[in-house]
Amino acid sequence: MNTKEKIKVGILGATGSVGQKFIALLANHPWFEISELAASEKSSGKKYKDTVNWIIPNELPKEIGVMKIKNCTPNLNCKLVFSGLDSSVAGEIEKDFAQNGYTVISNSKNHRMDENVPLLIPEVNPEHLELIKHQKFNGGAIVTNPNCSTIGLTIALKPLLDNFGIESVNVVTMQAISGGGIEVMKSDVVKNNVIPFISGEEGKMETEPLKILGEFNSNKISFANFSISAQCNRVFVFDGHTECVQIKLKKKNTTKEIINIWENFKSIPQIKDLPSAPKQVIHYYEDENLPQPKYQCDIDKGMAVSIGRLRTDNLFDFKFVVLSHNTIRGAAGGAILCAELMHINSLL
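Per this note's numbering, the sequence shown runs over residues 869 to 1216.
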């Protein structure tokens, strides 16, 4: 694709932690180019480099640093916007953009459970994009990226649901501080500590996978029919959400069968070789000490899911450990992959 043919995109909430990750991942994207940055009124009119507290390891691109920040109003020079807005303001702003003809791909929670809004993991439920045909936004649309901890779990569950059926799931998370935003990362409270509560997180993990794994019927989603129990903890790790999962399946099988199904799982993003897609969606590790955030978090551009320690369980059928990169696969990278999927389906 020629540079002149790149699709112009805007970033809402560009100064926040997710907005910064969008910038880092889109800086050299083959299909998209950043044309607009938008944030709160206190940042509006300033050069990006003069107002942002840049926390990303990647160097801030010079051409982005000198861009002027605009208000989050639908007069941006683009038709596709990625939203990293805080949930306290995201709902109405995203709706306003959609009603003015913009396609909004959001990392915020506000519209995830709306009836006609896809809650999208491109490898898991690409058919749910059909929902946008039933949205009434004057040519615009809203598509949402799931919660960061939901994504790793749901990718692990998808092949199991398709092959064996699921009766129930229990999950305990150990979530990285980068998932809490800049204020959490700067706080001394998280240092050398475990915080056994993340506001709203357990509810998201218990409901979002059921929508994602649900069946699309004509114009609505029939939620998957199994129960999930979640406990969520913030731990002193910078990037990478680790999840300890127990699962009861409907059909009997072996650990060897499960591992084989995980390792061979692929979908449209792999078949079409989308720019942000991992070559292999799930990596399984036989070493009982793996996966670990320090070593597996960044595998395959930070977009793959790592699983290990699959074994039988005394209460459920099996238990295992899942690791995924929360700000790449679980946030900006996942949202960009959603846009890539939409582009190849002529939905942008």
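For each residue, glycine too, the CB sits at the ideal point set by N, CA and C.
Boundaries for N993: no beta strand (DSSP E) harbours it, and the DSSP string shows neither H nor E there. Just measuring C-alpha positions, the residue of I902, R980, E1051 sitting nearest C1016 is R980.
In this structure, K930 keeps its C-beta atom at 9 angstroms or more from the C-beta atom of E901. For A1203, the enclosing alpha helix (DSSP H) covers residues 1201 to 1212. Between the alpha carbons of N1194 and P925 lies a distance of about 15 angstroms.
Collapsing the DSSP output to three states places S912 in coil. For E1069, same chain residues with a beta-carbon under 6 angstroms away, outside a window of 5 residues either side, are C1100 in chain order. Only buried fits V1039, as 16 or more other CB atoms lie within 10 angstroms of its CB. Along the length of the segment 996 to 1063, whole beta strand (DSSP E) runs at least 3 residues long occupy 1009 to 1012, 1034 to 1043, reported in chain order.
For N1128, the uninterrupted alpha helix (DSSP H) run begins and ends at 1123 to 1131, by DSSP.
Taking a C-beta distance under 9 angstroms as the contact criterion, F1184 and S1036 qualify as a contact pair. In this structure, DSSP gives E901 an extended state, which the three-state scheme calls strand. For the beta strand (DSSP E) assignment, the uninterrupted runs of no fewer than 3 residues enclosed by the segment 1081 to 1161 are, from N- to C-terminal side, 1083 to 1085, 1088 to 1090, 1095 to 1103, 1109 to 1117, 1150 to 1153. In the three-state reduction of the DSSP assignment, I875 falls in the strand class, which pools E and B. At a Cβ-Cβ threshold of 9 angstroms, K1169 and Q1148 do not count as neighbours.
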